[in-house]
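K.L.:
In our numbering, the protein residues as written are 213 to 652.
1) Counting Cβ pairs, one atom from each stretch, are 3 or more of them under 8 Å apart for the stretch 475–483 and the stretch 504–512?
2) Would you call residue 217 buried or exposed, if buried means 16 or more other Cβ atoms sit within 10 Å of its Cβ?
3) Name the residue from 319, 446 and 228 whose alpha carbon lies nearest to the alpha carbon of residue 529.
4) Residues in the same chain with beta-carbon distance under 8 Å from residue 261, minus the five sequence neighbours each way, listed in chain order, please.
5) Report the rounded CA-to-CA distance for residue 469 versus residue 639, giving the unit in angstroms.
6) Touching or not, the stretch 435–455 and the stretch 236–245, by the rule of three or more beta carbon pairs under 8 Å?
7) So, residue 330 versus residue 562, is the Cβ gap smaller than 8 Å?
8) Which of helix, strand or coil does DSSP assign to residue 602?
9) Quick check: the Cα distance between residue 392 and residue 337, rounded to an integer number of angstroms?
10) Measuring CA to CA, which of 326, 463, 249 and 552 is closest to residue 431?
11) Can residue 454 and residue 475 be called in contact, C-beta distance under 8 Å?
12) I need the straight-line Cα distance from residue 339 to residue 332, nearest angstrom please.
13) Hey, how far is the Cα of residue 597 from the Cα of residue 612?
14) What first and last residue would you give for the alpha helix (DSSP H) that runs through residue 288?
15) Using the DSSP secondary-structure output, state which residues sit across from residue 321 in a beta bridge.
16) Where does residue 308 fall in DSSP's three states?
17) Short check: CB of residue 459 to CB of residue 503, under 8 Å?
18) Would you call the stretch 537–553 and the stretch 345–354 in contact, with 3 or more CB pairs under 8 Å?
19) To the nearest whole angstrom, what separates the beta carbons of residue 555 and residue 566, a pair I think is in contact under 8 Å?
20) Taking the alpha-carbon of residue 495 as reference, which of 538, 519, 533 and 409 has the nearest alpha-carbon?
21) Is the CB-CB distance between residue 314 and residue 280 below 8 Å?
22) Suppose only complete runs of 4+ residues qualify. What are the alpha helix (DSSP H) ranges in the stretch 577–651, listed by chain order?
23) Compute the Euclidean distance between the alpha carbons of residue 519 and residue 610, then round it to the nearest angstrom.
24) If you run the structure through DSSP and keep just helix, strand and coil, what is residue 250?
25) Going by beta-carbon coordinates alone, are residue 301 and residue 353 separated by less than 8 Å?
26) Residue 310: which of 295, 342, 334 and 356 sits nearest, CA to CA?
27) Would you kindly work out how many angstroms separate the C-alpha atoms of residue 605 and residue 402, rounded to a whole number?
28) Suppose the cutoff is 7 Å on Cβ atoms and the five residues either side in sequence are ignored; what does the same chain contact list for residue 607 look like?
29) Report the option in 646, 443 and 381 whose CA atom is closest to the CA atom of residue 404.
30) So, helix, strand or coil for residue 535, using DSSP?
31) DSSP three-state label for residue 219, please.
32) Do you know offhand how far residue 532's Cα is from residue 587's?
33) Using a Cβ-Cβ cutoff of less than 6 Å, which residues in the same chain neighbour residue 376 once the five nearest sequence positions on both sides are dropped?
34) My output table needs one value for residue 564: the three-state DSSP class, helix, strand or coil.
35) What is the residue span of the beta strand (DSSP E) that residue 557 lies within?
36) Of the residues 603, 573 and 602, which one's Cα is nearest the Cα of residue 590?
Here you go:
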């Protein structure tokens, strides 16, 4: 972020604070509950806080759009809006209702990913063999205009209560094949610390559940939610992974970086899932800047999503070729871990399908023909002889290389054993020691 941008953001924040309440202090601004309480949900407040007056046609369009898809913007995220370039501003486009949301094409669906149809119990989507999506909240601090779950978010009639969440937990407990759960919503971090602690505690008590993941956009739109108390709760339940949702470099502010640093310092692996959005980030230079800034903040660019076929998102969708172009601009031109996997979440519940540039040109029995990012064409020589290990598919009786358990460090004995980091013994006791016999 440039010095000019920082000065602008601080000026905008100060102006918004004064408009909300002249007695508000910096500590109020950094309080996530204060931010939620003062979310902007109507046009008059939006204009007042930004010190602008929108044209009459935009005001009329706003009323029509919000009658179906409401608006909610945190004061923090509103402060990032560039009023000098309002209609082109990526923050404005992601947060302010557009009449284009009311245009529904024939290919669009209310539930394009068939999350409801793949739901064995309310709140659970079980699509992949070993992992489930667990919707624990339907509340968000901001209503993203490109949200694929617009049918649910903010609907007071579909808020998951404790009984519904218990049923989801029991489904996971009674399904041993599940080793990974993704908490989503809405935003799980809009739950209270106490409720989130309870959910994580229940999940971590399930023996076969290895990984807990949480999807949240709070580091982007409500970074003050990442409190020391929240981080302390998360640390109790490792391994916990967090994926967030930055779409544009301008969303990485000092406050968001501070939130990400708290999570990273707590040993939580961080990933980012961006959505490719027309007029927001459909530019190779923008995406390259974003992935660089994410990596600098210890966030791994994970997925770049093609925009879903949800109702009212046609104006955000780009051709798939634009996504391929962006990936081409990253592979070979930046660090490999900065390149997200470009995916289409298949309509009908088919899951995420990688859509990447073609680097394999052709192949034969002995050679593979490849190209690199520069267009250089090269060959890879296949082995002259490859003898695969005979496998009868009887994995339970395999005595070949199928050894999947962790290796045990058990060779060290005597003083060497006491010195070994893996050993918790503090003393070597001679056999038949009378003092130890008395203890038993």
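In this text, a Cβ means the ideal position worked out from N, Cα and C, and glycines have one as well.
P.N.:
Looking at the atomic coordinates:
1) With the cut-off at 8 Å, the stretch 475–483 and the stretch 504–512 touch.
2) Here residue 217 corresponds to residue number 5 of the chain shown, with the count starting at 1. The predicted model places residue 217 with a pLDDT of 49, which falls under 50 and marks its position as unreliable; any figure quoted below should be read in that light. Its Cβ having fewer than 16 others within 10 Å, residue 217 is exposed.
3) Residue numbering aside, residue 529 sits at position 317 when the chain shown is read from its first letter. For the set 319, 446 and 228, the Cα lying nearest the Cα of residue 529 is the one of 319.
4) Your numbering for residue 261 matches position 49 in the chain shown. Closer than 8 Å at the Cβ level, and outside the excluded window around residue 261, lie 227, 228, 231, 232, 252, 287 and 290.
5) By one-based count along the chain shown, residue 469 stands at place 257. By one-based count along the chain shown, residue 639 stands at place 427. Between the C-alpha atoms of residue 469 and residue 639 there is a straight-line separation of about 46 Å.
6) Yes, they touch.
7) Here residue 330 corresponds to residue number 118 of the chain shown, with the count starting at 1. Here residue 562 corresponds to residue number 350 of the chain shown, with the count starting at 1. Taking 8 Å as the Cβ cut-off, residue 330 and residue 562 do not qualify as a contacting pair.
8) Position 390 of the chain shown, counted from the start, is the residue given in the question as residue 602. Here residue 602 sits in coil by DSSP.
9) The residue labelled residue 392 in the question sits at position 180 within the chain shown. The residue labelled residue 337 in the question sits at position 125 within the chain shown. Our two residues, residue 392 and residue 337, have alpha carbons roughly 12 Å apart in a direct line.
10) Indexing the chain shown from 1 puts residue 431 at position 219. The alpha carbon of residue 431 has as its nearest neighbour, out of 326, 463, 249 and 552, the alpha carbon of 463.
11) Residue 454 sits at position 242 when you count from the first residue of the chain shown. Residue 475 sits at position 263 when you count from the first residue of the chain shown. It is a contact, given that the beta carbons lie within the stated cut-off.
12) Within the chain shown, residue 339 is the residue found at index 127, counting from 1. Within the chain shown, residue 332 is the residue found at index 120, counting from 1. Inter-residue distance for residue 339 and residue 332 is about 10 Å (C-alpha atoms, whole angstroms).
13) Indexing the chain shown from 1 puts residue 597 at position 385. Indexing the chain shown from 1 puts residue 612 at position 400. Rounded to the nearest whole angstrom, the CA to CA distance from residue 597 to residue 612 is 20 Å.
14) Counted from its first residue, the chain shown places residue 288 at position 76. Counting along the chain, the alpha helix (DSSP H) containing residue 288 begins and ends at 287–290.
15) For this step, residue 321 is matched to residue 109 along the chain shown. Residue 321 pairs with 522.
16) Counted from its first residue, the chain shown places residue 308 at position 96. Here residue 308 sits in coil by DSSP.
17) Position 247 of the chain shown, counting from 1, holds the residue named residue 459. Position 291 of the chain shown, counting from 1, holds the residue named residue 503. Contact: no.
18) Pairwise C-beta distances place the stretch 537–553 out of contact with the stretch 345–354, as fewer than three of them are shorter than 8 Å.
19) Start at 1 with the first residue of the chain shown, and residue 555 comes out as number 343. Start at 1 with the first residue of the chain shown, and residue 566 comes out as number 354. A Cβ-Cβ separation of about 6 Å places residue 555 in contact with residue 566 under the 8 Å criterion.
20) By 1-based counting over the chain shown, the position of residue 495 is 283. Taking only the C-alpha atoms, the option nearest residue 495 is 538.
21) Reading the chain shown from its first residue, position 102 is the one you call residue 314. Reading the chain shown from its first residue, position 68 is the one you call residue 280. At a Cβ-Cβ threshold of 8 Å, residue 314 and residue 280 count as neighbours.
22) Taken in chain order, the unbroken stretches of alpha helix (DSSP H) that lie wholly in the stretch 577–651 and span 4 residues or more are 626–631 and 646–651.
23) For the purposes of this step, residue 519 is taken as the residue at position 307 of the chain shown. For the purposes of this step, residue 610 is taken as the residue at position 398 of the chain shown. Residue 519 and residue 610 have their C-alpha atoms spaced approximately 45 Å apart.
24) Here residue 250 refers to the residue found at position 38 of the chain shown. The three-state secondary structure of residue 250, taken from DSSP, is coil.
25) Taking the chain shown and counting its residues from 1, one reaches residue 301 at position 89. Taking the chain shown and counting its residues from 1, one reaches residue 353 at position 141. No; because the gap between Cβ atoms is not below 8 Å, this pair is not in contact.
26) The residue you call residue 310 lines up with position 98 of the chain shown. That would be 356, whose Cα lies nearest to the Cα of residue 310.
27) Position 393 of the chain shown, counted from the first residue, corresponds to residue 605. Position 190 of the chain shown, counted from the first residue, corresponds to residue 402. Distance between the alpha carbons of residue 605 and residue 402: 47 Å.
28) Taking the chain shown and counting its residues from 1, one reaches residue 607 at position 395. Excluding sequence positions up to five before and after residue 607, its CB lies within less than 7 Å of the CB of 614, all in the same chain and listed in chain order.
29) Numbered from its first residue, the chain shown carries residue 404 at position 192. Per the Cα distances, 443.
30) The residue you call residue 535 lines up with position 323 of the chain shown. Helix, per DSSP.
31) Within the chain shown, numbered from 1, the residue matching residue 219 stands at position 7. In this prediction, residue 219 scores a pLDDT of 49, lower than 50, which makes its location untrustworthy; the coordinate-derived value is nonetheless stated afterwards. In the structure shown, residue 219 sits in a helix (DSSP, three-state: H, G or I).
32) Within the chain shown, numbered from 1, the residue matching residue 532 stands at position 320. Within the chain shown, numbered from 1, the residue matching residue 587 stands at position 375. Distance between the alpha carbons of residue 532 and residue 587 is about 21 Å.
33) Working through the chain shown from its first residue, we reach residue 376 at position 164. So the qualifying residues of the chain are 334 and 335.
34) As a position in the chain shown, residue 564 is number 352, starting the count at 1. Note: residue 564 maps to strand in three-state DSSP.
35) As a working mapping, residue 557 is identified with position 345 in the chain shown. First-last of the beta strand (DSSP E) with residue 557: 553–558.
36) As a working note, residue 590 is residue 378 in the chain shown. In this structure, 573 is the residue among 603, 573 and 602 with its C-alpha nearest to the C-alpha of residue 590.
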